[in-house]
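Position one of the sequence shown corresponds to residue 923 (my numbering), numbered consecutively onward.
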Amino acid sequence: THQTSTVETFSYANTQPRQALVPSYRPSTRTAELTMTTRSWKCMCGSFEASVTGEPLMACWCHCTLCRQQAGSAMQLGVWKEVDIKSGADNLIEYEAKAGTGTLRKSCKTCGSFCIKVMGNGVSVAPLGCLEPVIKPTMHIFTEDKGGQDIMFPDLDCHDQMP
């Protein structure tokens, strides 16, 4: 379901089309220069540091109940096949919110920052808001779970579940 709103939004009208890894993923107009870009992030205390290279398989606003419980609002997430954890892997606590799924949410033991989520299928999820250069979400997921306070960006595709 695609939500409508009067919120002023970013327009993808001038983006260049290309074959996408996720059907509704609309890459940056700077796709060529970003394809092999390495982006890093750290937790608040700096004990955890990781990086990703290239574009995500998916860049989204996640409105699922678990992300909203963890962050207090929808989370900006990027999905990658590979994440390079540079430091702090031994300083993470793991939480499997839904038993048996194999999906682990990992946070820093020292400062409590959300650092990474490893899905049961092996792909990794990183917090987009911490990465430089910026990657903007291109869709909303789990919109059926969205909270009343969540702001929807109408230019983005909306999915009730994981696409």
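Yeah, the Cβ is synthetic: ideal placement off N, Cα and C, and Gly gets one too.
Original post:
Within this structure, are the beta carbons of residue 1030 and residue 1080 separated by less than 9 angstroms?
Top reply: no
**OP:** Would you decide whether residue 1015 is buried or exposed? Buried here means 16 or more other CB atoms lie within 10 Å of its CB.
**Re:** Counting C-beta atoms within 10 angstroms of its own C-beta, residue 1015 has fewer than 16 neighbours from the protein chains shown and is therefore classed as exposed.
**OP:** Specify whether the stretch 1010-1026 and the stretch 1037-1051 touch according to this definition: at least 3 beta carbon pairs, one from each stretch, less than 8 angstroms apart.
**Re:** yes
Original post:
When DSSP labels each residue in this structure, what does residue 967 get in the three-state scheme?
Top reply: coil
Original post:
residue 1066 by DSSP, collapsed to three states: which one?
Top reply: Judged by DSSP in its simplified three-state form, residue 1066 adopts helix.
**OP:** Taking only the alpha-carbon atoms, compute the straight-line gap between residue 1018 and residue 962 and give it to the nearest angstrom.
**Re:** Using only the alpha carbons, I get a separation of about 25 angstroms.
Original post:
Taking all protein chains shown into account, do 16 or more other C-beta atoms lie within 10 angstroms of the C-beta of residue 1099, making it buried, or fewer, making it exposed?
Top reply: Here the chain comprises residues numbered 923 to 1085, so residue 1099 is not present and cannot be evaluated.
Original post:
From the DSSP output, which residues share a beta bridge with residue 1136?
Top reply: Since the first residue shown for the chain is 923 and the last is 1085, residue 1136 is missing from the structure and cannot be characterised.
Original post:
Looking at C-alpha atoms only, which residue of 1022, 998, 958 and 959 is the closest neighbour of residue 1078?
Top reply: 998
Original post:
Expressed to the nearest angstrom, what Euclidean distance is found between the alpha-carbon atoms of residue 1044 and residue 1022?
Top reply: 14 angstroms
Original post:
Hey, quick one: how far does the alpha helix (DSSP H) through residue 1048 stretch, first residue to last?
Top reply: Careful: residue 1048 lies outside any alpha helix (DSSP H), inside the beta strand (DSSP E) at 1046-1049.
Subject >> For residue 1047 and residue 1001, believed in contact at Cβ under 8 angstroms, the rounded distance >> reply: 5 angstroms
Original post:
What residues in its chain sit with their C-beta under 6 angstroms from that of residue 965, if we drop five residues either side in the sequence?
Top reply: These residues qualify, in order along the chain: 1030, 1033, 1035 and 1037.
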